[in-house]
Structure formats: C-alpha cells, structure tokens
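Protein chains: 2
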Amino acid sequence: MDTADLGLPVDVPSTALFTDRYELTMLQAALRAGTADRRSVFEVFTRRLPEGRRYGVVAGTGRVLDAVENFRFDRDVLDFLAQQRIVDEQTVDWLADYRFHGDIWGYPEGEVYFPGSPIMRVEGTFAEAVLLETVILSILNHDSAVAAAASRMSTAAGDRPLIEMGARRTHELAAVAAARAAYVGGFTTTSDLAAGFRYNIPTVGTSAHAFTLLHDSERDAFIAQVQAHGSDTTLLVDTYDVVEAVRTAVEVAGKDLGAVRIDSGDLLLLAHRVRQQLDELGAKNTRIVVTSDLDEYAIASLAAAPVDAYGVGTQLVTGSGHPTCSMVYKLVARAGSDDPGAPLLPVAKKSMGAKSSVGGRKWAARRVDEHGVAEAEVVGTGEVPGELADHQLLVELVRGGEIVAREPLDAARDRHKAARAGLPLSATQLSRGEPVLPTEYLRARGGS
Amino acid sequence: MDTADLGLPVDVPSTALFTDRYELTMLQAALRAGTADRRSVFEVFTRRLPEGRRYGVVAGTGRVLDAVENFRFDRDVLDFLAQQRIVDEQTVDWLADYRFHGDIWGYPEGEVYFPGSPIMRVEGTFAEAVLLETVILSILNHDSAVAAAASRMSTAAGDRPLIEMGARRTHELAAVAAARAAYVGGFTTTSDLAAGFRYNIPTVGTSAHAFTLLHDSERDAFIAQVQAHGSDTTLLVDTYDVVEAVRTAVEVAGKDLGAVRIDSGDLLLLAHRVRQQLDELGAKNTRIVVTSDLDEYAIASLAAAPVDAYGVGTQLVTGSGHPTCSMVYKLVARAGSDDPGAPLLPVAKKSMGAKSSVGGRKWAARRVDEHGVAEAEVVGTGEVPGELADHQLLVELVRGGEIVAREPLDAARDRHKAARAGLPLSATQLSRGEPVLPTEYLRARGGS
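As you go down the protein sequences, you meet chains B and R in turn. According to the working numbering, the residues represented by the first sequence are 413 to 860, in order. According to the working numbering, the residues represented by the second sequence are 413 to 860, in order.
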C-alpha cells in the first residue's frame with residue numbers, strides 16, 4: 413500500500429523533509445570522510461516514562477512504515493537543498509537516489525513499553541539510517557503520547573465507549589494521527605472526518621450549541637435535527653436549561669430518542685438527574701453522553717454515574733499532561749571499520765551528566781511469572797536466553813527496504829488490550845507510581 | 413497564492429475533512445429546516461489564558477487563510493461522505509459547490525490577546541460558516557500555543573538567537589507549523605527542513621552524537637565535519653569529555669572554529685568553563701550553543717552565562733506546559749428570521765455552569781495611557797467610542813470569500829515584537845500572574 417495513492421488530506425507525497433538539517437550535515441561529512449557506508453544500528457528508546465506513569469504504549473508504527481516508504485527526495489526538494497546550500501552537489505546526487513534499503517525491527521504497534529525498551533531498531537548504512545531520525549521520532553513521540561493517555565482513559569471508562577473529539581485542540585494533521593492513536597489505545601470512535609476517511613475509524617457527530625442558537629427556540633432546533641437525522645440522533649441539552657431541554661427533547665423525538673449530550677456543569681449531578689428524568693418520561697433507552705473537559709480522572713469519577721459514553725478532547729490529544737514522549741534515536745552499534753564485512757562494535761555516549769546510553773544491538777523480552785503475568789522487561793545484547801526466546805518483543809517490520817508488517821489498525825488495538833491485560837494489576841491504577849515492570853539489562857559476554 | 417501550487421510536503425490539496433462530523437450533522441439539519449442561509453456571526457475567543465500567563469499570542473492566521481481557500485469537497489471526499497452515510501444526498505450536492513463566500517475579520521498575526529478578545533470573526537450564512545469551526549480552531553489553538561511559548565523564550569533570551577529544534581517531539585506536520593509559530597514569536601532559525609522549504613525560515617544544523625560515535629575517534633569525526641563544512645561549522649563537544657573535546661575541536665578547526673554545542677550536563681558551569689578554555693586557546697570568536705531541555709526559565713537562568721545561542725525543542729513545541737489554547741468558536745449573532753434582510757440578533761448560551769458567552773458581533777480596541785502603554789483590552793458591541801477608533805484590533809482578512817490580507821511571515825514577527833513592547837513592563841515577567849491587561853466589556857445601547 414503506497415500512501416501517496418490514497419489521496420488527501422493526510423497523505424503527503426514525500427516525507428523526506430521531515431528532517432532536521434543536521435542529519436544532512438552529518439551525511440555530507442560522512443560521505444566525504446568515507447564513513448557513510450559503515451553498517452550502523454540505531455535504536456529508539458526512552459530513558460524514562462512521564463512522571464508517575466506505569467507503562468507506555470507504542471503507537472505510530474504503521475505511520476512510520478508509510479513514512480519510510482515515502483522518504484524520497486524529488487526534484488523540488490533537491491533544488492531547495494542545493495539553492496539554499498544546505499548540502500553540496502555530491503550529497504544532492506546521493507539524495508536523488510535515496511531509498512531506505514535496510515532493516516527495521518520494533519515493538520509491534522499497541523505493545524506496551526518501559527524505560528530502556530528498544531522500541532524500534534533501524535539497521536543499515538550510517539547514511540541511510542541517520543536520515544530517518546527525525547521523522548521516526550516525530551511519529552512515535554506524538555502518537556505514543558496520545559495512545560498512552562487513551563489507554564488510561566479506556567481503563568477508566570471500562571466497557572463504556574469513548575469518543576475522540578480533540579481535533580480542534582491540536583494541529584489539524586496531528587489531529588488525524590491522534591484519532592488513530594486513540595483508537596489503538598482503546599477509543600471507539602472519532603469526530604474527525606479526516607481520520608474516518610484515512611484510517612477507516614468510525615465517525616460520530618451530534619450538534620453544537622450554535623445549532624440551537626441558530627433557531628428561534630430550542631424546540632425548533634430539536635425538531636430540525638430529528639427531522640433530518642431521525643429520533644436516534646443525539647440532542648445537546650445544555651444550551652439553556654437542562655431539565656427543560658430534556659423534556660422538550662423527549663416530546664420532540666419520542667421515547668426512542670437516541671441520546672442526549674451534556675457539555676457543561678456538574679456532570680455527576682446532571683447525569684443522575686437527567687437519567688431519572690428520562691426514565692420518568694419513559695425514555696429508558698435514551699443514552700447519556702458527557703463531553704466537558706474530561707480526562708481519565710474525571711472519567712473514573714463518573715464510573716458510578718448513569719453515563720453511557722464519554723467524549724474526550726483536549727486532554728486526549730495533549731497526552732493528558734504529557735504531550736510528547738521522550739523517545740530518542742541513538743547509534744548503539746556500527747561497523748568497526750570501513751571494511752564492508754567489519755563486525756559491529758557497540759557504541760555509546762559516555763559524557764558526564766544524565767544523558768548516557770547503553771551500547772549494543774539489543775533484543776527485548778517480557779519475562780512472565782508462573783501465572784503468566786509479566787514481571788520484568790528484559791533487555792540484552794548477544795544471545796537471547798532460552799527461557800526468554802518465546803517472549804521476545806521485537807518483530808520484523810522492514811526487510812531490505814521492503815515493508816513486511818502491514819496490518820489493520822484493529823490488530824494494533826487488540827494487541828494493546830492484550831498487552832495491558834498481561835501486566836500486573838497495578839498497571840491500570842491511575843494514581844502516580846513507578847513503572848509497573850522493572851527493566852533488567854543482560855549484557856552479552858562477548859561481541860555485541 | 414494557492415497553497416496547493418506550492419508543492420509538498422506541508423500542503424494538502426483540501427482542508428475540507430479537517431472537520432468534526434457534527435458540523436455536517438448540523439448542516440444537513442439546517443438545510444432541511446430552511447435555516448441554513450441565516451446570516452451568522454461566529455467568533456473565536458478564549459475564556460482564560462493558561463494559568464499564570466500574562467498575555468496570549470495570535471499565530472496561525474496566515475495558515476487559516478490558506479485553509480479557508482482550500483476548503484473544498486472533491487469527488488473522493490464526497491463519495492466517502494455518501495458511502496458512510498454521514499450526510500444525505502441533498503447535503504452532498506450542497507457540499508460539492510462549497511466555497512466560503514463570507515467575511516473574516518481578526519486580530520492580525522503576531523498581535524497579543526487576552527481573555528475575551530474576539531481573535532477572529534467569521535460572518536456568512538450559518539451553513540458556510542459553521543463548517544470552518546474545527547479547522548480554524550485547530551490552527552489557531554496549536555499555533556498560538558507555540559507562539560506564546562516562543563514569545564516568553566525570546567524575552568528570556570534577549571538579543572541572543574533562538575534555534576527551533578523540536579520537530580522530533582511533535583507530529584511531523586505540527587512541527588512545520590510549530591517552526592512557523594516560533595518564528596512569529598521571536599525565534600531566529602529552525603532545524604526543520606520542511607519549515608525552511610515551506611515558509612522560507614532560515615535553517616541550521618550541526619551534528620549529533622551519532623556522528624562522533626560513527627568515527628574511530630572524536631578527532632576523526634571533527635576532521636570529517638570540518639573538511640566537509642569548513643571551520644565555521646558547529647562541533648558537538650559532549651560525547652565523551654568536554655574539555656578534551658574543546659581542545660581537539662580547536663586543534664582541528666583552528667581559532668576560527670564557528671561554534672561548539674553543549675547538549676548535556678550543567679550548562680551554566682560548562683558554558684563558563686568552555687568559554688574560558690576557548691579564550692585561552694585563542695578561539696575568542698568561537699560561539700557557544702546550548703541545547704539541553706531548555707525552557708524559558710532555563711534560558712533566563714543562563715542570561716549571565718557566556719552563551720551565544722539557544723536551541724529549544726520539547727518545551728517549545730509543547731507550548732511550555734500549555735500545548736493548546738482554549739480558543740472556542742461560538743455563534744454570537746444571527747439573522748432574526750429566515751428573511752434575507754433580517755437584522756442580526758445577538759445570541760449566547762445561557763446555561764448554568766461556567767461555559768456562558770457574551771453575545772453580539774464585537775469590536776475590540778486596546779486603550780493606551782498617556783505614555784502610549786496599553787492599559788485595557790476593550791471589547792464591545794455596537795458603535796466604537798471615538799477615542800478608541802484609532803486603536804481597533806480587528807483587521808479585514810477575507811472579503812466575500814477573497815483573501816485580502818496575505819503578508820510575509822516577517823510582518824507577523826515584527827508585529828509581535830511591537831505589540832509586546834506596547835504592553836506594561838510586567839508582561840514580560842516569566843513568573844505566574846494575572847493577564848497584564850484587564851478586559852473591559854462595553855455593551856451596545858441597542859442592537860448588536
């Protein structure tokens with residue numbers, strides 16, 4: 413599937429400029445020094461989870477595959493690079509033929525992760541792999557932040573459906589990716605039409621206060637909506653007086669009214685009152701949708717209230733306080749010399765201060781206890797111990813430049829649900845705490 | 413200028429699906445009820461600034477104009493809406509001809525704003541104006557959040573240049589808009605090549621730790637970079653030992669070395685040490701660039717340190733704790749009846765709870781004291797008082813569907829600098845406080 417064929421408005425013909433200039437600076441210098449072809453292994457990982465979070469959620473993997481596939485420098489872009497003297501002529505020529513021919517392994521989308529988890533591993537020549545740094549990080553850092561918030565919200569919501577409606581609170585294309593990540597994290601539907609178009613996520617829509625205000629009375633507005641969309645529609649009942657609106661809504665739509673939406677006020681109190689009123693009016697199957705500045709805590713606080721669905725906006729698309737992950741893309745191993753067959757050598761930054769890394773090409777496995785519950789994230793270099801062989805986390809995503817791991821979005825969504833269910837129970841506590849699994853490093857006895 | 417002609421990768425052929433489904437739900441119902449053509453006035457405003465912030469910064473206006481111009485429903489999109497039964501056939505037909513023919517006024521880009529400021533006013537039929545809600549809010553909420561953070565950082569940085577380098581921490585296209593908003597807010601350059609390509613923002617790039625690790629020694633890496641880019645390049649000196657690296661850097665590049673970059677550790681301490689070392693080595697003009705998890709407070713804390721430029725990533729693109737603004741798009745006035753010539757009637761949500769609005773089509777002006785310093789944001793309906801006539805804030809952006817206010821990005825950047833300079837001095841305090849101007853409402857004596 414070539415995303416460039418899929419049309420607008422989410423797809424872009426090329427992803428090659430989603431790149432920090434320093435990647436091209438390094439490329440040019442490496443080409444000139446003769447080190448550009450050294451086989452290199454880059455890994456994506458985080459040094460920590462956002463404060464208090466118990467686990468992270470990998471999201472965006474599918475979008476990374478699209479981005480790698482579309483990472484080509486066309487004539488416009490090459491002209492720009494040349495005219496701006498961003499790189500020299502030799503480098504422009506090299507970029508004109510660019511196509512990633514290396515291998516990518518990674519945690520599959522929807523999987524959970526912990527500090528140090530090798531979430532993605534990109535292997536190829538230095539030149540071809542270094543260029544992908546920014547676009548891979550942009551996608552994974554953004555999408556995983558939203559998915560992590562979505563996962564917590566879906567835990568809080570239990571079996572009640574969650575509607576993603578945050579498009580207006582984030583960049584218009586980030587919104588589309590956010591709807592996708594929210595779906596992976598457990599949301600049910602989105603209000604964002606572009607996300608429906610591009611990713612086939614079910615869309616929903618009700619109406620805004622503007623619609624009520626447009627009409628000469630709330631009753632007129634409800635009549636207009638029911639005539640156009642049938643009694644199964646969702647009527648917004650908090651433009652003026654909620655009690656009055658609910659009465660009017662059932663008068664207009666009948667007892668089969670689909671749902672009412674409450675978008676302001678004390679939701680706990682209002683949900684109880686409106687439920688009682690609906691029941692008294694005989695509209696026992698009319699659902700109650702609430703949508704006012706919700707986050708996972710507000711959702712949890714409504715668990716005992718007669719609420720049928722939650723709509724979440726701002727707090728979802730901004731990662732509920734953590735709008736980005738701190739994933740980095742680091743060179744962990746490279747050929748020991750310019751010889752084409754030179755073995756890999758582990759490398760790592762070793763400065764003072766906090767930003768050091770663990771060198772070496774890594775595998776990861778999730779060790780489980782006798783009940784099948786995860787007890788540690790084990791990360792190592794070299795051989796995988798036999799008892800962990802069946803619990804490895806990295807899967808092959810790209811082989812020799814070819815995408816080998818396309819999957820429907822529902823697969824990632826199902827995987828996330830299963831992965832979360834495999835964690836200790838405390839993973840789903842909303843309160844702040846430590847990562848629910850410790851990360852253990854197993855060093856190789858020799859080699860990398 | 414049609415953005416669709418400008419090429420990739422930021423432009424999209426249509427913005428019509430950056431829309432919440434409920435806008436189409438309302439459209440269909442209004443078309444059926446005969447109320448779709450009622451003249452309507454929507455306004456964008458916020459009820460509050462992010463906690464502790466002194467002022468907001470309008471950014472994204474230019475992008476809104478692009479989005480409005482490209483808001484068309486092409487065949488693919490119409491088929492999607494029909495197949496998914498998102499709207500009925502009559503509505504699909506109406507959308508096929510959609511083009512905004514109304515008027516838009518707003519605060520010009522770069523201007524500051526306060527709670528209640530009518531940042532943008534969209535006027536047209538209900539049908540044509542209601543559809544623009546989501547895309548306008550997405551753009552303004554995202555871009556203004558980044559610009560507000562950028563503005564605070566540029567105050568803290570004083571005359572020292574600021575480099576935007578947050579692409580890896582946000583969605584890949586949000587990154588391009590963020591670089592643009594940062595430039596409006598006072599940043600000097602960006603690392604994001606797509607932002608350079610699309611918006612002509614100057615790009616810069618140095619190198620990463622990976623480049624040093626790729627080579628057999630730090631010296632080899634520095635030689636490679638200097639040979640490729642000349643001695644005016646910026647060498648990254650914190651991969652191993654900073655003192656050693658600075659010595660090697662000057663040995664390799666000579667006293668004309670452009671700059672060194674420090675990306676970890678105690679920046680205050682390191683900047684002083686490295687400056688002293690560079691001076692002792694005779695590299696008195698070699699600049700020091702620092703780039704480690706900076707925000708406006710960290711930048712301010714380095715004011716007395718010998719730092720020549722700051723690179724800012726995460727905290728910039730996530731709005732330094734406030735990744736979105738709380739701008740809303742509300743119907744504030746509409747024709748009193750279906751008569752084409754019916755006068756406008758102010759309308760407002762009047763429910764219990766906090767989310768009420770002020771009805772009526774508004775003007776805004778910034779009243780200044782005898783020294784020319786702003787003292788109040790005055791918002792009103794009806795006639796503008798004579799003494800405020802010359803201090804009005806809204807400018808015409810779109811007239812009868814035609815964009816009339818294109819401007820170069822530097823105009824917005826200059827405007828922001830001037831607008832901020834016109835505020836009371838306490839505006840630029842970084843500490844938390846109240847909005848630096850009060851918002852005063854002047855109600856019209858009659859009409860709206």
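The beta carbon of each residue, even a glycine, is placed where N, CA and C say it ideally should be. From a predicted model like this one, the values you see are computed outputs, not experimental measurements.
- The DSSP-derived three-state label of residue 667(R) is coil.
- Around the CB of residue 812(B), fewer than 16 other CB atoms lie within 10 Å, so the residue is classed as exposed.
- Counting other Cβ atoms within 10 Å of its Cβ, residue 459(R) stays below 16 and is therefore classed as exposed.
- Among the residues of chain B, those whose CB is under 9 Å from the CB of residue 608(R) are 429, 433, 492, 496 and 498, following chain order.
- Minimum Cα-Cα distance from residue 670(B) among the listed residues 784(B), 692(B), 697(B) and 822(B) corresponds to 697(B).
- Interface flag for residue 457(R) against chain B is unset, since no Cβ pair is found closer than 7 Å.
- Sixteen is the threshold: when 16 or more other Cβ atoms of the shown chains lie within 10 Å of the Cβ of residue 761(B), as they do, the residue is buried.
- Residue 742(R) has 455(R) as its beta-bridge partners, per DSSP.
- Listed along chain B is no residue with a C-beta nearer than 9 Å to that of residue 697(R); the closest approach is about 21 Å.
- The Cβ neighbour count for residue 743(R), taken over all protein chains shown within 10 Å, is at least 16; the residue is labelled buried.
- Of the candidates 480(R), 666(R) and 710(R), 480(R) places its Cα closest to the Cα of residue 515(R).
- The C-beta distance from residue 579(B) to residue 432(R) rounds to 6 Å, short enough to fall under 8 Å.
- Contact annotation for residue 684(B) against chain R: no contact, minimum CB-CB distance about 15 Å [criterion: below 8 Å].
- With contacts defined as CB atoms closer than 7 Å, residue 623(B) and residue 607(B) fail to qualify as a contacting pair.
- DSSP places residue 534(R) within a strand segment (E or B) once states are collapsed to three.
- The CB of residue 551(R) comes closer than 7 Å to the CB of 584 in chain B, given here in chain order.
- Identification of chain B residues near residue 604(R) by a Cβ-Cβ cut-off of 7 Å yields 432, ordered along the chain.
- In this chain, residue 829(B) is not harboured by any beta strand (DSSP E); it is covered by the alpha helix (DSSP H) spanning 821-833.
- Using a Cβ-Cβ cut-off of 8 Å, residue 642(B) is close to nothing in chain R; its nearest Cβ partner there is about 11 Å away.
- Secondary structure at residue 591(B): helix, using DSSP grouped into helix, strand and coil.
- Taking 7 Å as the CB threshold, residue 513(R) stays off the interface with chain B.
- In chain order, 432, 433, 434, 436 and 437 make up the part of chain R whose C-beta sits under 7 Å from the C-beta of residue 617(B).
- For the segment 527-549 of chain B, residues whose beta-carbon sits nearer than 8 Å to a beta-carbon of chain R comprise 538, 542, 545, 546, 547 and 549.
- Using a CB distance cut-off of 7 Å, residue 580(R) counts as an interface residue toward chain B.
- Of the other Cβ atoms in all chains shown, fewer than 16 fall within 10 Å of the Cβ of residue 837(B); this residue is therefore exposed.
- Around the beta carbon of residue 667(B), a 10 Å sphere encloses fewer than 16 other beta carbons of the protein chains shown; the residue is thus reported as exposed.
- In the displayed model, residue 515(B) falls within a strand according to three-state DSSP.
- In the structure shown, residue 635(B) adopts helical secondary structure according to DSSP, grouped into three states.
- Taking 7 Å as the threshold, the shortest C-beta distance from residue 746(R) to chain B falls below it.
- Contacts with chain B (Cβ-Cβ distance below 9 Å) from the segment 616-640 of chain R involve 616, 617, 618, 619, 620, 621, 622, 623, 624, 625, 626, 627, 628, 632, 633, 635, 636, 637, 638, 639 and 640, listed in chain order.
- Judged by their CB atoms, residue 722(R) and residue 569(R) are nearer to each other than the 7 Å cut-off.
- Using a Cβ distance threshold of 7 Å, residue 483(R) and residue 584(B) do not count as a contacting pair.
- Look at residue 841(B): its C-beta is not under 7 Å from any C-beta on chain R.
- Cβ neighbours of residue 750(B) within its own chain (closer than 7 Å, five residues either side excluded): 446, 447 and 450.
- The beta carbon of residue 674(B) sits closer than 6 Å to those of 650, 682 and 702, all from its chain and outside the five residues before and after it, given in chain order.
- For residue 720(B), the CB contacts under 6 Å within the same chain, skipping 5 residues up- and downstream, are 699 and 700 in chain order.
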